[in-house]
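Q: Residue numbers (our numbering), protein chains in the order written: chain F, 1 to 366; chain S, 367 to 664.
Cβ coordinates follow ideal geometry from the N, Cα and C atoms, glycine included.
The structure is given below, and queries will be raised subsequently.
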Amino acid sequence: MKRALLLLATALPLVLAAGGAWPQDKVVNVYNWTDYIAEGVPEAFQKATGIEVNYTTYDTNEILDAKLRTGRSGYDVVTPTMSPHFARQLSAGLFRKLDKAQIKNYGNLDPEILKALAKYDPGNEHGVPWMWGTTGIGYNVAAVKQRLGDAPVDTLKMIFDPDTVAKFKDCGVMLLDSPTDVLPAALLYLGLDPDSKKREDLEKAADVVRKVRPSIRKFTSAEMINALATGNICLAFTFSGDVLQARDRGAKAKPSAVEISYAIPREGSQLWIDVMAVPKDAKNVAAAHRWIDYLLDPKVAAASSDAVGYASGNKAAVPLMKKEVSEDPLIYPPEAVRAKFFTVSPGEQDYVRLRTRLWTSIKTGR
Amino acid sequence: MNLPLRIGPQGQLWGRRLVIALPYVWLLLFFAAPFAIVAAISISETTLDTVPPVTPALSSTAYALLFEDALYPAAYLNSVRIAAIATAITLLIGYPMAYAIARAPAGWHGPLLMAVILPFWTSFLIRIYAWIGILSENGLLNQVLRGTGLVENPGSLLGTEWAIYLGICYAYLPFMVLPLYAALEKMDLSLLEAAADLGARPWRAFLTITLPLSVPGILGGCLLVFIPAVGEFVIPDLLGGTETLMIGKVLWDEFFLNSDWPVASAVAMLMLVILVVPIVFFQRARARELTKDQGAAG
């Protein structure tokens with residue numbers, strides 16, 4: 001009897017599905033960054049909508065990129081970083097156009113962030129901003145004080161002036177292993193357009209990095225947070241999110257706390273935005289829209305920003321956040337700092353190849 | 367299920383064919399087919415944001431690039447060099463280990479082999495991350511060194527080529543020990559007694575009897591370590607320094623930074639060619655070994 005029931009239970013959905021009697025998607029497959037949402041959100045969504053959430057996480061854009069490009073990823077909502085990943089995936093035709101009528105909370109989004117995103121996705125047709133931040137300098141407060149006294153930290157000189165960087169060689173300097181983040185900053189340091197696509201500008205930027213290369217312990221994207229928080233390095237050029245995580249982790253470090261802080265370069269900072277998008281081959285498109293809509297609820301977005309400490313792409317969520325987040329100038333920088341945010345466009349094949357080649361030559365000397 | 371109850375001569379024949387065919391089907395599905403896809407991508411036209419399926423074209427652009435830029439030959443050579451040194455070190459550590467296990471009292475073999483394999487039960491990535499914790503500036507190793515008071519400011523091994531050798535050696539040691547153990551264990555010990563009776567000292571007996579008899583184990587172990595080490599990405603990336611140039615990293619850059627699938631595929635194809643050479647060499651050596659044995663028996 002039990003067996004017959006089991007059989008019936010497994011067969012019933014099949015019959016219903018075959019008959020087309022299932023009016024709504026009953027499941028949504030979400031692929032998101034690790035630690036990027038408040039606890040309990042998938043469960044609350046399921047309770048509110050009856051849609052089951054398969055929530056899985058990744059910790060590098062490359063993993064997501066590989067899955068999307070090889071196709072049939074099985075995901076309904078993914079969250080790549082705007083540039084270059086989202087932009088390139090979009091130009092490869094990997095995303096579906098969003099039906100904004102199904103996203104009732106769309107109006108809560110921050111127009112400033114939407115405008116920055118529209119540079120890659122005209123009309124914001126394929127992506128919805130989730131969280132954003134800056135690219136800048138993470139540093140060990142004690143090490144900087146000891147070497148530079150009260151000299152300003154919020155400048156690109158900290159990582160591109162050979163004499164300054166050399167002072168930190170002994171305690172460890174790391175830069176992002178990412179030509180798309182470091183070279184535009186080097187262009188800006190030279191007073192050039194960070195989005196310049198001229199070959200000679202690129203060569204000049206590479207020379208800037210070459211000059212500080214002897215003082216740099218490693219180019220990496222994976223080890224920054226841990227290395228800062230454990231005191232193994234004292235200076236880093238990386239994403240704001242990495243440093244803020246290192247700051248929290250360093251404060252709890254044993255046996256003695258490591259004080260880490262972050263500075264946004266006064267010359268300007270590259271804005272990063274993580275974008276929610278629906279892959280072209282997603283199976284549960286309606287559920288994907290409902291999930292995005294749910295995350296755009298100001299309460300849900302505010303709780304997530306509170307939990308992870310990043311700025312939200314949701315303007316209506318800001319007043320609902322903890323003051324430590326919404327009033328932290330490193331998370332929500334003042335108007336004058338925001339005015340100097342920049343973004344870079346992906347570039348043509350030849351340019352990208354040259355950039356990667358220069359980057360390899362900076363790192364390996366070959 | 368339609369398994370015949372009574373296996374006659376006909377059934378036996380089919381059964382045998384099936385058993386022989388299975389590995390071939392496996393190879394066809396999981397080696398030949400992916401290989402053909404990668405080969406097809408490597409000769410397709412390079413366009414930004416290529417996504418499979420690619421349009422087949424007989425383009426040699428990707429391969430031409432590999433020979434134009436000195437970076438690629440340098441990366442291949444460096445990978446082979448690092449893999450060869452790491453394999454040699456692994457052999458030097460693995461051989462005494464395998465020897466000790468093979469000559470240990472019979473009841474000890476199982477537990478000792480278990481101890482060799484046991485680390486596999488922990489995720490590979492976690493074990494490599496653990497080495498970061500051991501080798502870094504404020505890591506365990508330096509804390510111990512400072513604690514002894516002998517060294518005041520030990521440098522960090524992390525980020526050097528030695529850290530890569532250490533990582534490969536640590537991660538692949540069981541692949542070296544197991545074939546060596548298999549070769550040493552089945553050795554006829556009376557040969558050594560005979561050598562001793564004829565006046566050979568233990569060291570001489572080892573060099574003239576044990577070592578030659580364990581050559582298949584040495585070759586097998588070395589290949590099992592060398593081949594994955596050439597294409598290794600995780601260990602050099604996490605433990606090595608930024609200046610370490612290996613083919614795995616070049617492949618990563620082609621794929622993720624340049625989004626250039628044709629060049630990435632061409633790099634992979636060439637890597638395969640480089641790896642096929644030692645495999646062929648190994649097969650030849652083994653075939654020679656077999657005919658020699660048969661010759662001796664007959």
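What are the boundary residues of the alpha helix (DSSP H) that includes S:Ile409?
A: Per DSSP, S:Ile409 belongs to no alpha helix (DSSP H) and is neither H nor E.
Q: Just tell me which of F:Val243, F:Pro194 and F:Thr230 has its CA closest to the CA of F:Pro255.
A: F:Thr230
Q: Just list the alpha helix (DSSP H) runs in the region 272 to 317 of chain F, keeping only unbroken ones of 4 residues or longer that don't cross its boundaries, in chain order.
A: 285 to 295 and 298 to 308
Q: Check F:Tyr36 in the structure and name its three-state DSSP category.
A: coil
Q: Starting from the C-beta of F:Ile37, find all residues in its chain whose C-beta is less than 6 Å away, skip the five residues before and the five after it, and write them out in chain order.
A: Excluding residues within five positions, the ones whose Cβ falls inside 6 Å are Ser304.
Q: Please go through the same chain and pick out, in chain order, the residues whose beta-carbon is closer than 6 Å to the beta-carbon of S:Glu411, but skip the five residues on each side of it.
A: Counting only Cβ-Cβ distances below 6 Å, and skipping sequence neighbours, we find Ala423 and Ser425.
Q: Run through DSSP, which three-state label would S:Phe648 get?
A: helix
Q: Can we say the region 236 to 245 of chain F touches the region 609 to 627 of chain S, given the rule of at least three CB pairs closer than 8 Å?
A: no
Q: Kindly indicate if chain S contains any beta-carbon less than 8 Å away from that of F:Lys197.
A: no
Q: Can you give me the start and stop residues for the alpha helix (DSSP H) that F:Ala263 sits inside?
A: From DSSP, F:Ala263 is part of no alpha helix (DSSP H) but of the beta strand (DSSP E) over Ile260 to Ala263.
Q: Using the beta-carbon of each residue, which ones in chain S are nearer than 7 Å to F:Asn232?
A: Ser502, Glu503 and Asn504
Q: Please confirm whether F:Arg210 has its beta-carbon closer than 8 Å to some beta-carbon of chain S.
A: With respect to chain S, the C-beta atom of F:Arg210 has no partner C-beta closer than 8 Å.
Q: Is any beta-carbon of chain S found at less than 8 Å from that of F:Thr360?
A: yes
Q: Taking contact to mean 3 or more Cβ pairs, one atom from each stretch, closer than 8 Å, check whether the region 488 to 506 of chain S and the region 563 to 583 of chain S are in contact.
A: They do not touch, by the three-pair rule.
Q: Alpha helix (DSSP H) containing S:Trp618: first to last residue?
A: Counting along the chain, the alpha helix (DSSP H) containing S:Trp618 begins and ends at Ile613 to Trp618.
Q: As a quick exercise: from S:Ile601, S:Ile403 and S:Lys615, pick the residue whose alpha carbon is nearest that of S:Cys535.
A: S:Ile601
Q: Please classify F:Ala251: is it buried, with 16 or more other beta-carbons within 10 angstroms of its beta-carbon, or exposed?
A: exposed
Q: Please name the residue in S:Ile640, S:Thr526 and S:Leu457 whose C-alpha comes closest to that of S:Gly606.
A: S:Thr526
Q: Secondary structure at F:Met158, three-state DSSP: helix, strand or coil?
A: helix
Q: Using the three-state DSSP reduction, which class does F:Gly365 fall into: helix, strand or coil?
A: coil
Q: DSSP beta-bridge partners for F:Lys218?
A: According to DSSP, which records beta bridges pairwise, F:Lys218 is partnered with F:Met174.
Q: Identify which residue in S:Ala428, S:Leu437 and S:Thr608 has its Cα closest to the Cα of S:Asp626.
A: S:Ala428
Q: Using only the alpha-carbon positions, how far apart do S:Ile498 and S:Gly521 sit?
A: 14 Å
Q: Compare the C-alpha of F:Gly50 against each of F:Asp293, F:Ala288 and F:Val27 and name the closest.
A: F:Val27
Q: Since F:Gln46 and F:Glu39 should fall inside the 8 Å C-beta cutoff, what is the C-beta to C-beta distance between them, to a whole number of angstroms?
A: That belief does not hold up - the Cβ atoms of F:Gln46 and F:Glu39 are roughly 14 Å apart, past 8 Å.
Q: Does F:Phe86 have its Cβ less than 8 Å from a Cβ in chain S?
A: no
Q: Enumerate in chain order the residues of its own chain whose CB-to-CB distance from F:Thr356 is below 8 Å, with the five nearest sequence positions on each side excluded.
A: Within the same chain, Cβ atoms closer than 8 Å to the Cβ of F:Thr356 are found at Pro179, the five residues on either side in sequence being excluded.
Q: Please state whether DSSP places S:Leu379 in a helix, a strand or coil.
A: The answer is helix: DSSP assigns S:Leu379 an H, G or I state.
Q: Using a Cβ cut-off of 8 Å, pull out every chain F residue sitting near S:Ala440, in sequence order please.
A: Arg366
Q: Using a C-beta to C-beta distance shorter than 7 Å, which residues of chain S count as neighbours of F:Arg217?
A: Gly525
Q: Spell out a yes or no on whether the region 305 to 319 of chain F and the region 124 to 133 of chain F are touching, meaning 3 or more CB-CB pairs, one atom from each, closer than 8 Å.
A: In the pairwise beta carbon analysis, the region 305 to 319 of chain F is classified as touching the region 124 to 133 of chain F: at least three pairs are separated by under 8 Å.
Q: Using a beta-carbon distance below 8 Å, is F:Ala21 in contact with chain S?
A: Only weak support exists for where F:Ala21 lies, its pLDDT of 36 falling under 50; the value from the coordinates is given anyway. It does not; no Cβ of chain S falls within 8 Å.
Q: Taking just the CA atoms, how far does S:Val391 sit from F:Ser240?
A: 51 Å
Q: Considering only their Cβ atoms, is the gap separating F:Lys100 from F:Tyr106 smaller than 8 Å?
A: yes
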